[in-house]
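Which chain is which? The protein sequence lines are A and B, in order. With my numbering, letter number 465 in the first sequence gets 579, and the count goes up by one each step, no holes. With my numbering, letter number 286 in the second sequence gets 317, and the count goes up by one each step, no holes. Report on the structure given below.
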Amino acid sequence: MTTTTVAAPTRGTSTSRWLRKNRGKLALAAFFAFVLFSGLFMMETNDWIITIIRGLAVGAITFLVASGLSLIFGLMDVLSLAHGELYMLGAYVGWTIYVRPDTFLDALTPIALVLSGMALLPLWRRIASMWTAGKWARIIAPILVGVAGLVIVVVLFPKFPMSMWNLDVYTEAPINNSVALDQGLQEVPPPADFDGVSPLVGIIGIWLGGALLGLGIAGGIERKAEVPASKPGVGAYTIAGGVALLALLIYVVNDPLTDWWYGLGTSPRFFFALVITVVLAFGLGSFIEVVFIRPLYDRLLYQLMMTLGLGFIIIELVRSVWGRPGFTMPKPAVFNGHGDACPGEGLGGMFSGCSTIKIFDSRVRMYNEVFIILVGILVLVTITLVIKRTRLGMIIRAGVQDSEMVEALGINVRRVFTITFGIGVALAALGGVIAAPAIGLNTGMGATVLLLALIAMAIGGLTSFPGAAVGAVIVGLLQQFMIKYGSIGIPVPWMDEPFKPSPVLVPASAILVMIVVLLVLPHGFFGREE
Amino acid sequence: MTEASPKRPNFLTRHGMLIFVVTLAILFPFIVGLIEGQSPATVIASEGGNSKFLMGLAVEVFILALFALSYDVLLGITGLLSFGHQMFFAVGAYGSGIMLKSLGWSLPLTLLGILVLAILQALLFGVVLPRVHGITFALVTLGIASMFWIVIQSPDVGDWTGGDVGLQGASSLVPAWINTNDHRFRFYLMALAVLVLFYLVFRRIVSSPTGAVMVANRENQDRALMLGYNTLWFKMFALVITSIAAAIAGMLWTMHQPIVTPTVAGLGWVVAALLMVLMGGIGTLTGAIIGAAMFRLLSFYLERWFGGGASLMLGVTYVLLVLFLPYGIVGTWRLKQARVSEGRKRLVALVTGKGG
């Protein structure tokens, strides 16, 4: 994780030692310089600049996914193969909050009620631990209780008032919602009502369903727990009560809130979507860690299978809710400005409100390139500061080196694991929301980005956070240069026609670089040898 | 009889289970035919009906079982986590397809070519073997296999591999006497024989001293090295034998399927093998075969019952399996076996009134 900076060499021998020690990084720098500047002689300067900027944008998205992967792998040796699908889920949830806030608000009430019931997990564990029964009863009863809770939730959920897009009707499909928002033609959908059950039964019933689900999970955990359940603190009650209160509040003020939200411009709506998705993703990540990953530490294969299975489930979930065909997400109004003064000149033109700016005669799109790169840099700086300067970061750094020792020192390393997994998923979801307006949404976007992120991680050194950043930039640049060379061709002295790499070679080039790098430096550019 | 090995069980006890299962597998098409009201002669002639269809499904199970078996030897016995095993299969499938179709080779010559290709690709993986370990080895092998996956889909070699549509029509070039469409029953028997042969060979290898070193490598490579075994050669050996088995499985796949899609070279294929091995019980050999049967039948019936939602159910199955049956079917069975036999003894004692 940490790259210890070597003190400035004073003697000749230490210079050579420094050279030897950092040969990976030096080779990397030389390679970078060569690729970048050789490009100058093979293509127009404009092309060269725009390719680098686009490469950095792809790298920024890849980095958001790869950074989470590398934090998680570094700290707890879990390679989360569901990360690509979580990125995709983030994009779809972000789209919903952005384009259809009414659907989001409608769905929030039942979901928050279920979560409130499950949030009392410490209490349920306490109850489960008090119950004594035979071995088989202790295995079967939690499953039965959990399934009963699940059935209640699944039955009651569609009864809640929900105004939604309709996958079967073309004019009400998600893509048309996007188009309507983009053209400012979106209307506030009429409020819906409970379907077949009274509100009281629905609200209390779904909370009970969540509680039963929690009790089932608690029973399952308790059966294998090594540490007896502690008395639930005030925190659990506060969280559960707060979430339930929030759900009820949203149910009461649903209609005025929907009207207000629809009255907002696209830019504040996009900002809301970003923040809410990240918070939700953090919660989802923590939940996944506690329920699915925690029973499987130190069993690499099972973690791989588990995260793969979760990925399958997420894909199917997204397909059934949002439909199979892909759709677009309109860009917020801030990035759509145009007029006489556009495109803006130079980097100063960023604040002119234009959709594109001119840098050295190249037109750069404000959202697709500038905004995405800025978010990437912001996340890089923030996470680096958290890791280097905060207590949490200190524990993470220590945990990467030796998590057992950290635990022996009396630090609750499990909780840090949960938080880190949550942060990793939140970063992936952030990447999804940021990428959606630029590249659109489809159910295959997760697999694509996961491959790139894995390559970036492997190139940079699996456990190294700065390595993930450098790897992501390399992968992004490589992709864009291959695409560019595919259209203009590389002039080769002994060939009459310039050599054009076919589109097939775009993903292949990144994989090839990964293989070569790993064979020369098995620990990547920044990984530690162990 | 001398006292040389009085405790050694006789042939039937040692191989009884295997003989029983193989006999059942041979009789299986006739049983289905009997239920359907077909005479045994029609079953042998494979004129159609449910028995022919089920035989086709069973052949797929046999092929997948051979593939899973080879992955179990590589991962469960030798402890090499490779994500490039799908390439071993796909080279067999595509290689035999190209040899049969584009080069016009005869079947024996194709088999020879596949064996050579299998050894060559194992040596290619062997080149990276000493340099990288653990998850890095998995990533490098995944990279090599992904390159292969990308290459066979590219339009530049489309005349040979069929691009992203897949290689079509190679199975009809198989000589008629063993062709899967004309003589399904013969093909069924052949696939079964290949599977049993490889199972016996692998079981023999695993229980030999060589196999013991392979297991030692899985458990603790440093200690095996310390004891003076050059584990590299044993890992190479494991790569070569599993590559041959997987390539033969791929060749059978080409001979059986009307079209070979690039799916067989993708990451999903090795994940399927991993799932089969984990389902049955890792490192147990028989588990791989049971897992393959369960996997194929499960995905077939889930598809039939749930249609589009099948992969959701498959995902749920993964998660439940990993959470509740971590040692797989055979693994869990072996763990419980001691207790089960204890219970049986108690039951016998209770019924007969003997013992105490």
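Just so it is clear, CB atoms sit at the ideal spot from N, CA and C, and this is done for glycine as well. All figures in this text were calculated on a predicted structure; none of them were measured in a lab.
- Rounded to whole angstroms, the Cβ separation of A550/A and A205/A is 4 Å, and the two are in contact under 8 Å.
- Against chain A, the beta carbon of D187/B has neighbours under 8 Å at S616, V618, listed in chain order.
- The way I'd put it, the segment 347-358 of chain A doesn't touch the segment 171-182 of chain A; fewer than three beta-carbon pairs between them come closer than 8 Å.
- Nearest C-alpha to T109/B among R45/B, F265/B, R370/B: F265/B.
- The contact set of L354/B on chain A, defined by CB atoms closer than 7 Å, consists of P409 in chain order.
- Judged by DSSP in its simplified three-state form, K614/A adopts coil rather than helix or strand.
- In terms of CA proximity to A278/B, A96/B leads the group P71/B, A96/B, A72/B.
- Here DSSP, grouped into helix, strand and coil, assigns K345/A to coil.
- For P215/A, the closest alpha carbon among the candidates P303/A, W238/A, D296/A is that of P303/A.
- I629/A has a beta carbon lying within less than 8 Å of a beta carbon in chain B.
- Shown here is that no member of the segment 234-261 of chain A has a Cβ falling below 8 Å from a Cβ of chain B.
- For G560/A, same chain residues with a beta-carbon under 6 Å away, outside a window of 5 residues either side, are G198, E199, Y201, M202 in chain order.
- At the C-beta level, G322/B and V301/B stay beyond 8 Å of one another.
- Under the Cβ criterion of 8 Å, E403/A is not counted among the residues facing chain B.
- Judged by DSSP in its simplified three-state form, Q297/A adopts coil rather than helix or strand.
- Cβ neighbours of G399/A within its own chain (closer than 7 Å, five residues either side excluded): F535, G536, G538, V539, A540.
- For I166/A against L227/A, the beta-carbon gap comes to about 49 Å, at or over 8 Å, which does not count as contact.
- Here DSSP, grouped into helix, strand and coil, assigns L185/A to helix.
- In the DSSP assignment, I471/A falls within the unbroken beta strand (DSSP E) covering 470-473.
- A direct Cα-to-Cα measurement between G64/B and G590/A gives close to 59 Å.
- Of all residues in the segment 59-70 of chain B, none is placed with a Cβ closer than 9 Å to any Cβ belonging to chain A.
- In the DSSP assignment, F120/B is bridged to no other residue.
- For the options A269/B, F268/B, A247/B, M267/B, the alpha carbon positioned closest to that of G259/B is the one of A247/B.
- Only those residues of the segment 180-206 of chain A whose C-beta falls short of 8 Å from the nearest C-beta of chain B are listed: L193.
- Using a CB distance cut-off of 8 Å, E611/A does not count as an interface residue toward chain B.
- Counting along the chain, S476/A sits inside the beta strand (DSSP E) bounded by residues 476-479.
- Taking C-beta separations shorter than 8 Å and ignoring five residues to either side along the sequence, V366/A has no partners in its chain.
- Here DSSP, grouped into helix, strand and coil, assigns F308/A to coil.
- Along the segment 418-449 of chain A, the positions whose C-beta sits under 9 Å from a C-beta of chain B are L418, M419, M420, L422, G423, L424, G425, F426, I427, I428, I429, E430, L431, R433, S434, R438, read in chain order.
- The Cβ neighbour count for H164/B, taken over all protein chains shown within 10 Å, is under 16; the residue is labelled exposed.
- Under the Cβ distance rule, M178/B counts among the residues neighbouring chain A, one pair being separated by less than 8 Å.
- Spatial neighbours of L155/B in its own chain (CB-CB distance under 8 Å, excluding positions within 5 residues in sequence) are listed in chain order as I175.
- Annotation for N81/B: the continuous alpha helix (DSSP H) segment containing it runs 80-102.
- In the DSSP assignment, L134/B falls outside any alpha helix (DSSP H) and carries neither an H nor an E.
- Straight through space, the alpha carbons of A233/A and I364/A are spaced by roughly 19 Å.
- DSSP, reduced to helix, strand and coil, places V393/A within a helical segment of the structure shown.
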